[in-house]
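**Student:** Structure incoming, see below.
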Amino acid sequence: MKKSHHPLLFWSPRLLAIAFAVFLSLFALDVFDGERGFWDTALALLLHLLPTVFILVTLLLAWKWEWIGGTLFIAFGLCYIVWAWGLFPFLTYLVIAGPLFLVGILFWLDWKIGRARS
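Counting in my numbering, the sequence shown runs from 20 upward without gaps.
Set out below in structure tokens:
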């Protein structure tokens with residue numbers, strides 16, 4: 020990882036990815052409805068938090084290799100759209116896949132500009 024000369028471009032995708040992981044984690048809270056036992060709730064919570072784990076692992080990879088992060092974040096956005104197509108209103112795709120595309124593009128830009136300056 021070579022730190023780019025644009026601190027905003029360096030930090031924006033990283034902070035947006037963290038914020039998106041927190042946002043995505045909020046959806047896992049619906050497992051606490053009180054109707055399940057402890058182990059069922061724990062398993063449901065683990066399953067609901069898997070997308071957040073993928074986001075955070077990708078962020079760790081992207082911190083060192085921006086091009087990998089850019090590729091994976093965009094791939095996650097595309098996978099979500101393909102998987103959920105026709106199930107939700109269009110705005111849902113923008114809310115979930117939009118930030119993934121934005122973070123991926125910002126990581127790619129940081130990588131490209133960093134390569135051009137070195």
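Don't be surprised by glycine CBs; every beta carbon is placed ideally from N, CA and C.
Since this is a predicted model, take the numbers as computed values, not measurements.
Secondary structure at L106, three-state DSSP: helix, strand or coil?
**Tutor:** In the sequence shown, counting from the first residue as 1, residue 106 sits at position 87. In this structure, L106 counts as coil in the three-state DSSP scheme.
**Student:** How long is the line joining the alpha carbons of L125 and P32, rounded to whole angstroms?
**Tutor:** Against the sequence shown, residue 125 aligns to sequence position 106. Against the sequence shown, residue 32 aligns to sequence position 13. Rounded to the nearest angstrom, the two C-alpha atoms are 6 angstroms apart.
**Student:** Excluding the 5 residues flanking L64 on each side, which residues of the same chain have their C-beta closer than 7 angstroms to its C-beta?
**Tutor:** Residue mapping note: residue 64 aligns to position 45 of the sequence shown, counting from 1. Counting only Cβ-Cβ distances below 7 angstroms, and skipping sequence neighbours, we find A47 and V50.
**Student:** Would you mind listing the alpha helix (DSSP H) stretches within the stretch 64-113 that are 4+ residues and don't spill past its ends, in chain order?
**Tutor:** 85-103
**Student:** Is it buried or exposed, D129, if we count other Cβ atoms within 10 angstroms and call 16 or more buried?
**Tutor:** In the sequence shown, counting from the first residue as 1, residue 129 sits at position 110. Under this definition D129 is a buried residue.
**Student:** I believe A116 touches Y99 by the beta-carbon criterion, under 8 angstroms. Please report the beta-carbon distance rounded to the nearest angstrom.
**Tutor:** Position 97 of the sequence shown holds residue 116. Position 80 of the sequence shown holds residue 99. Confirmed, about 5 angstroms.
**Student:** With a 10 Å radius around its C-beta and 16 neighbouring C-beta atoms as the bar for buried, classify L91 as buried or exposed.
**Tutor:** Here residue 91 refers to the residue found at position 72 when the sequence shown is read from its first residue. Flag for L91 reads buried.
**Student:** Please classify A38 as buried or exposed, where buried requires at least 16 neighbouring CB atoms within 10 angstroms.
**Tutor:** Here the question's residue 38 lines up with position 19 in the sequence shown. By the 16-neighbour rule on beta-carbons within 10 angstroms, A38 is exposed.
**Student:** If I follow the unbroken alpha helix (DSSP H) through R33, where does it start and stop?
**Tutor:** One-based indexing of the sequence shown puts residue 33 at position 14. Segment P26 to L45, the alpha helix (DSSP H) holding R33.
**Student:** For D52, does the three-state DSSP call read helix, strand or coil?
**Tutor:** As a first step, residue 52 must be located in the sequence shown, where it is residue number 33. D52: coil per DSSP, three-state reduction.
**Student:** For L113, count neighbouring Cβ atoms within 10 angstroms of its own Cβ and tell me buried if that reaches 16, exposed if not.
**Tutor:** Along the sequence shown, one-based indexing puts residue 113 at 94. So L113 ends up on the exposed side.
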